[in-house]
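Engineer: Quick one: the structure is below, and I'll ask about it shortly.
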Amino acid sequence: MSAKKPAIPSLTTLVEKIKSGELFDEIQKNILDSQIWKSSFRHGYADTPRNRVLQIVSNVWLHLHPVKIHRHALRIKFTWCMGGITFLLFLSTVVTGVILMFYYRPVGEYAYFDMKYLQYDVPFGMLMRNMHRWAAHAMVITVWLHMFRVFLTGSYKPPREFNWVIGVFLVTFTLLLSFTGYLLPWDQLAMWAVTVGTNMARATPFLGHEGPFQEYVFGVSPRYDARSALIGGSIVGPPALLRFYVLHCIFIPLVAGALMIVHFWRIRKDGGISGPL
């Protein structure tokens, strides 16, 4: 005799199961008992403190989050979510920046026209550029608000001094990202703004030929100082564009990303988000 086929539930039975919640319980049981689930989550699903810890530390994504957090860390009025928003904006600038790199060439004769092509001919090009630009502007605002919140709540105090210093470096790199990206449109506004900005490098202590203590450093001159190293010459030209492009797209994002990893790690090691004063 052939094996009996399982009976297909009627529509009425199915509706009753949905109303009572039995259907969802069956689906959940089938998922949790499947080999795919067991191979991914090896410690069961029992709601116990031990299994909660094992669920998190054994998962490649969940282990990034703390097993336990303080109640105040969930209150928006305490953290303002400025740190998380800043990180989200950083990811947004990275994604949109990579898209923009497909259409932009950091060469003096092409850069300006590539920007116009991106704005007016590339589908959604203007949207991508504006998303990148406004996310960068918003990131500068949120990172300062984050630092302000940390200062007001005393989160820089022991044992968190090291992480405060990392945060100061991250603020600096955020401003450098905005400054280096300002030249890339290669228009008159960008060129003269960067000219004014890099002229301040002349007064850098020790490294600027107009700065204090430069006489104690051998070889510092108008042709060989901090400003000429930044722009690759005596005026803002194609070498400056290429250098700012490399700094903006490779060097500064990589260093900032590494510091963010250290920053998040130190928050975990210091016991999570600090409590109210």
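Per my numbering, the sequence shown starts with residue 130, numbered consecutively. C-beta atoms are modelled at their ideal positions from N, C-alpha and C, and glycine is treated no differently.
Ends of the alpha helix (DSSP H) at residue 392?
Structural biologist: 381-398
Engineer: To the nearest angstrom, report how far apart residue 391 and residue 222 are at their CA atoms.
Structural biologist: 20 Å
Engineer: Specify the secondary structure class of residue 284 as computed by DSSP and reduced to three states.
Structural biologist: coil
Engineer: With H, G and I counted as helix, E and B as strand and the rest as coil, what does DSSP make of residue 239?
Structural biologist: coil
Engineer: Using the C-alpha atoms, what's the distance from residue 289 back to residue 318?
Structural biologist: 41 Å
Engineer: Using 8 Å for Cβ pairs, my map puts residue 378 next to residue 230. What's the rounded Cβ distance?
Structural biologist: 7 Å
Engineer: Suppose only complete runs of 4+ residues qualify. What are the alpha helix (DSSP H) ranges in the stretch 135-188, listed by chain order?
Structural biologist: 140-149, 151-161, 164-169 and 178-186
Engineer: To which residues of the same chain is residue 388 closer than 8 Å at the C-beta, ignoring the five residues directly before and after it?
Structural biologist: 295, 298, 299 and 302
Engineer: Out of 359, 354 and 246, which one is the CA nearest neighbour of residue 323?
Structural biologist: 359
Engineer: With 16 as the cutoff for other CB atoms within 10 Å, does residue 275 come out buried or exposed?
Structural biologist: buried
Engineer: Thinking residue 198 and residue 191 are a contact (beta carbons under 8 Å), I'd like their distance in whole angstroms, please.
Structural biologist: About 13 Å separates the two Cβ atoms, so there is no contact after all.
Engineer: Do residue 240 and residue 166 have their CB atoms nearer than 8 Å?
Structural biologist: no
Engineer: Which residue marks the beginning of the alpha helix (DSSP H) containing residue 298, and which one marks its end?
Structural biologist: 290-311
Engineer: Sort 236, 144, 151 and 170 by Cα distance to residue 188 and report the nearest one.
Structural biologist: 170
Engineer: Which residues does DSSP list as the beta-bridge partners of residue 350?
Structural biologist: 353
Engineer: Of all the options 209, 237, 227 and 306, which has the alpha carbon lying nearest to the alpha carbon of residue 384?
Structural biologist: 306
Engineer: Where does the unbroken alpha helix (DSSP H) through residue 329 begin, and where does it stop?
Structural biologist: Careful: residue 329 lies outside any alpha helix (DSSP H) and carries neither H nor E.
Engineer: Quick check on DSSP: helix, strand or coil for residue 223?
Structural biologist: It is helical.
Engineer: Output the distance between the C-alpha atoms of residue 271 and residue 393, rounded to the nearest integer angstrom.
Structural biologist: 17 Å
Engineer: Pick helix, strand or coil for residue 258, following the three-state DSSP scheme.
Structural biologist: helix
Engineer: For the alpha helix (DSSP H) that residue 206 lies in, which residues bound it at each end?
Structural biologist: 205-208
Engineer: Could you work out which residue in 158, 225 and 168 is closest to residue 264 when comparing CA atoms only?
Structural biologist: For residue 264, the nearest C-alpha among the options comes from 225.
Engineer: Using the rule of at least 16 other Cβ atoms within 10 Å of the residue's Cβ for burial, across every protein chain shown, is residue 255 buried or exposed?
Structural biologist: exposed
Engineer: Using a Cβ-Cβ cutoff of less than 8 Å, which residues in the same chain neighbour residue 366 once the five nearest sequence positions on both sides are dropped?
Structural biologist: 237 and 360
Engineer: Taking the alpha carbon of residue 268 as the point to measure from, which residue in 280, 213, 144 and 177 has its own alpha carbon closest?
Structural biologist: 213
Engineer: Is residue 379 close to chain D, meaning its C-beta is less than 8 Å from at least one C-beta of that chain?
Structural biologist: Looking at the structure shown, chain D is missing, and only one protein chain is on hand.
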